[in-house]
Amino acid sequence: MNILFFAVFVMFSMLILRLGVLQIVNGEDFTRQLERTEEVVVNSSVPRGKIFDRNGKVIVDNKPVNAITYTKTQQTEQEEMLMVAERLAGMIKMDTENIALRDQQDFWIRENQERAEAKITEEEQALYDEGELEQNEYDALIRERITEEELAELTPQQMEVLAVFRQMQTGYNLSPQIIKNEGVTDEEFATVSEHLGSLPGVNTTVDWEREYPYGEVLRSVLGSVRSIPEDKIEYYLARDYARNDRVGTSYLELQYEDVLQGQKSKVRTITDKAGNVIDSQLVQEGERGKDLVLSIDIELQQELEKIVEDELIRLKQNPGRNLLDRLFFVMTDPYTGEILAMVGKQYVETDTGYEIQDYHIGTFTSAYEAGSSIKGATVLAGYQDGVISPGYSMFDQPFDIKGTPLKSSWFSPRTVNDLYALEKSSNGYMFDIAIKMAGATYRPGQPIDIGTSAFTKMRNYYGQFGLGSETGIDLPGESVGYQTNNPLDLNPGKLLDLAIGQFDTYTPMQMAQYVSTVINGGNRVAPKIVKEIREPSSDNNTLGPVVKAMKPEVLNKLNNTESELERVKQGFYRSFNGPEGTGQDFIGNGYVAGGKTGTAEVVYFGPKYNDLYRSRDLPPPETTNSTLVGFAPFEEPEVSFSVLAPWVYPNDGTDRLREDVNENLGTAALAKYFELRQKRMNEEGAEEDQQVEVTAEEAEEGQ
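So, in C-alpha cells, the structure goes:
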C-alpha cells in the first residue's frame, strides 16, 4: 500500500513539474503561437523576359515606371479603405472612363444608403426580413432601379475615389495591388510618398511596362501584354497567377507566356490577431522571365516594311485600284525554316484620308488564291503520281471540256515540256497533269468524268509542300486557307483551276514554305520565329546562357527524286532568267535568283464586298492577285521568299492598270537583303583589320 501511495505521489509531482515548465518556461512562446494567424505566402511579380532579334538587338524591353500600390490585411475594414481612397484620389489623377456600371451602382448605394433602401417596397422588405428574398436578389432590385440621372449625380471627384477604391478591392490580403502605374507623374509620386503616414496600406514603388525600341516594327506579331482577361481568370489562377498579374494576350507574348513570365519572389508573412505583420521570410528569390531570341532580322524587317508600305501607297494613288488594300512579303531560311522577315501592310481609309496599318499577322492568318506561282508543286505532284516524268512534253492548246468554259494558256498553241511550262507559265501543261491524275482522258468537246477524290488527291500532294495545310509556325491563329468540299463546286473545270492556283487559297507563309521545300532537297520544314530561349544576363543588357536552341523541325519529306527536284529548280531558274521567263525583272541585279511568278483571276469577296456590292444587289467584281515565290542566290540559296498582292488591279480584259507588283516587291526586297549583307561583311572586315593593326602595334612595342 505504501508503495502504491509513493508511486502516485511521484506521478503527481512529475505532472506538476511539467505544467510548471509549460507555463513558466514555454508560456510566452505558446501565447505568441496562439495569437498568430494563418501564415500567408505572398507572390510578387517580376518583369517579363526581353525579346531580341537574331543579331542581339533588343526589340521588346522593360521600362521602369513609377507606381502606387495598396496592400490590405485580414483586418482592413471597408470604411478604412474608403477613407484611404478619398485621400489618395485627392493626390493622383485616375482614369474614370472604363468604370463598370455595376461598380458605379454599388458606389451610389454606398453614398446614398437611405435613398437606395427607399427603392425597396414594403412587400419586398418583408420577404427579405423573413429570409425569402436573398441578399443578392435584394441588392439587384436596388441596382436595377437606379436611374441614369441618379448615377449622373456622382461627381468627377467621387468617380476618382471610385476608380481608386475599385483597384484597392481586387486581389488578396497582404498582396500589393497596383492602383496606378501608367502616367504617374513625378509630382504625384512625390506627393503620395510624402503622405504615406496618413495613407495606411499605400506605398510608392517602381513597376515595369513593355517598351519597343523599334516602335511599330513587327508590332502585331510581338503581341500584347495586359491584365488577365475575365474569361481566363480561372485558368491563370490555377497556375499560381494573381488576379492583378499581366499576361501575354496575343501572338508571341501569348505563345511563349510560360517562358516570358518569370519566377515570382515568394515571401511567407505571419500576422498577429490584429493583422499586424510580425514576421516575414523570403521563400523564393524572384527572377525576371527568360529571354527570347527571334529568327527575325529587325533591321531587314524595318527596311522591308518601308518598301512594302511605299509600294502600297504608290499603287493606291490610282483610283482604279479601289479594291487593293494590302500587300504581303515573307522571307525565310529555306533550310532551317527561320523567318527573317514577315511583312503585311494594310491601307485603311479614315475620315481625313488614310493610314497604313501593321498587318504582319496576315502573313499566316489570311489566305488568297496564289495563281501560277504554285505550278512547281503541280509538276512535282505529277512526277510523284507517275503521270508524267522529267522531260515530258505535250501540245498546249485550249481545253474544250463539255459543260465547262474554254480554258487555255495565255499564249498561242505550241508544244511545251516541263521546263518551258514553268518558264512560260503554261496553264495547259498543268491541266494535262490534273486530268491524268484524276484518271480521266481528255477528248475535245467531250465531258470528263471525275470524282471528288481527284480534288482530295491533288490537295494531299499540295499539302506535302505546306499548301492548304498547317505550316507548323510557332504562333497561334494560323489559317490553312479555304478549301470547299461542296460537290456542286467540285467539277472538272474547278479541278483545272486548282492545278493553276485559282481555286483553293493559301497564306503567304504557306507559299514561302512551299518554295523552300522544293529547293532544300524536299524537306518541309516548319517556319519558326523563335530561334533561342536564354537565361537573363547578369548585366540585364546582353544575351545570357542558352536554355534551348530551336532545331529545324522537318514535318515531312517529298516523295520525289533528287533529279525531279533539280528539274523543277531549273524550271524556276528559267522562269526568272530564261528568254521567255515571266520574272525577268530579276535579271542583272548583281545576283542570280530563281522562282515562279503568279497571277490569279479571282472574284472579289474582300472587306468592301458587303458595302459596295452585296448591299446594292450587285455581283462581286472580277479582280487579280499578283504573287511570286523565289530564292537566292540560285546555286546556294540563303533565302526563300513569297509575295502576295491581293486584288491589285481589275480583271476587266484591258490590262490598263496591270502592274507587276510581285516583281517590284521581290526585286526591291532582295536588293535590300544583299545590301545589308554586304554592309555587315564590310563592318566585320573593318573590325578584323582594326584588330590586326592593334596586334601589330603591340608587337612593335614588344620589340
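All residue numbers for the sequence shown refer to my numbering, where the first residue is 9 and numbers rise by one. Glycine included, each C-beta is placed from N, C-alpha and C at the ideal position.
Whether residue i touches residue j by CB criterion (9 Å)
i, j, result
"residue 348", "residue 309", "yes"
"residue 525", "residue 566", "yes"
"residue 387", "residue 430", "yes"
"residue 436", "residue 405", "yes"
"residue 409", "residue 508", "no"
"residue 355", "residue 211", "no"
"residue 606", "residue 568", "no"
"residue 150", "residue 134", "no"
"residue 648", "residue 342", "yes"
"residue 252", "residue 75", "no"
"residue 319", "residue 669", "yes"
"residue 542", "residue 553", "yes"
"residue 296", "residue 256", "no"
"residue 302", "residue 60", "yes"
"residue 580", "residue 394", "no"
Alpha helix (DSSP H) segment containing residue i, residue limits
i, result
"residue 441", "435 to 445"
"residue 164", "164 to 177"
"residue 299", "From DSSP, residue 299 is part of no alpha helix (DSSP H) but of the beta strand (DSSP E) over 299 to 302."
"residue 604", "It is not in any alpha helix (DSSP H) - residue 604 instead sits in the beta strand (DSSP E) that spans 602 to 611."
"residue 461", "461 to 471"
"residue 140", "That residue, residue 140, is in no alpha helix (DSSP H); it is neither H nor E in DSSP."
"residue 4", "With the chain running from 9 to 711 in the structure shown, residue 4 is simply not present."
"residue 265", "265 to 268"
"residue 618", "617 to 620"
"residue 401", "That residue, residue 401, is in no alpha helix (DSSP H); its beta strand (DSSP E) goes 401 to 404."
Segment limits, beta strand (DSSP E) that includes residue i
i, result
"residue 564", "562 to 565"
"residue 69", "66 to 78"
"residue 350", "347 to 358"
"residue 214", "210 to 219"
"residue 658", "647 to 658"
"residue 391", "Segment 383 to 393 is the alpha helix (DSSP H) holding residue 391; no beta strand (DSSP E) there."
"residue 197", "From DSSP, residue 197 is part of no beta strand (DSSP E) but of the alpha helix (DSSP H) over 194 to 202."
"residue 579", "Careful: residue 579 lies outside any beta strand (DSSP E), inside the alpha helix (DSSP H) at 570 to 585."
Supposed close pair residue i, residue j - CB separation, criterion 8 Å
i, j, result
"residue 321", "residue 676", "Residue 321 to residue 676, Cβ: 14 Å. No contact."
"residue 175", "residue 482", "No, residue 175 and residue 482 are not in contact; Cβ-Cβ is about 36 Å, not under 8 Å."
"residue 527", "residue 639", "5 Å"
"residue 535", "residue 340", "6 Å"
"residue 673", "residue 656", "The Cβ separation is near 11 Å, so there is no contact."
"residue 171", "residue 102", "4 Å"
"residue 589", "residue 682", "Not a contact, Cβ separation roughly 20 Å."
"residue 614", "residue 331", "6 Å"
"residue 261", "residue 230", "7 Å"
"residue 403", "residue 423", "5 Å"
"residue 466", "residue 390", "Contact flag wrong, Cβ pair sits at about 10 Å."
Span separating the alpha-carbon of residue i from that of residue j
i, j, result
"residue 62", "residue 307", "10 Å"
"residue 361", "residue 236", "36 Å"
"residue 678", "residue 265", "34 Å"
"residue 85", "residue 187", "18 Å"
"residue 450", "residue 434", "17 Å"
"residue 477", "residue 563", "11 Å"
"residue 710", "residue 64", "Its pLDDT being 49, under 50, residue 710 is placed unreliably in this model, and the value from its coordinates should be taken loosely. The alpha-carbon atoms of residue 710 and residue 64 are separated by roughly 36 Å."
"residue 58", "residue 380", "41 Å"
"residue 511", "residue 491", "8 Å"
"residue 110", "residue 325", "49 Å"
"residue 586", "residue 575", "14 Å"
"residue 144", "residue 154", "16 Å"
"residue 628", "residue 220", "41 Å"
"residue 147", "residue 157", "19 Å"
"residue 248", "residue 178", "16 Å"
"residue 317", "residue 353", "6 Å"
"residue 72", "residue 344", "37 Å"
"residue 665", "residue 609", "14 Å"
"residue 69", "residue 635", "36 Å"
"residue 350", "residue 366", "11 Å"
"residue 80", "residue 89", "8 Å"
"residue 644", "residue 407", "39 Å"
"residue 413", "residue 453", "11 Å"
"residue 411", "residue 518", "33 Å"
Closer than 8 Å: residue i CB and nearest the ligand GTP heavy atom
i, result
"residue 649", "Ligands displayed in this structure: none; no statement on the ligand GTP is therefore possible."
9 Å Cβ cutoff, residue i in contact with chain B
i, result
"residue 647", "The structure shown has no chain B; it contains just one protein chain."
Evaluate contact between the region 370 to 379 and the region 451 to 468, counting only Cβ atoms and requiring at least three cross-stretch pairs below 8 Å.
no
Can we say the region 473 to 490 touches the region 498 to 505, given the rule of at least three CB pairs closer than 8 Å?
no
Tell me, please, whether the region 517 to 532 touches the region 390 to 400 by the rule of three or more beta-carbon pairs shorter than 8 Å.
no
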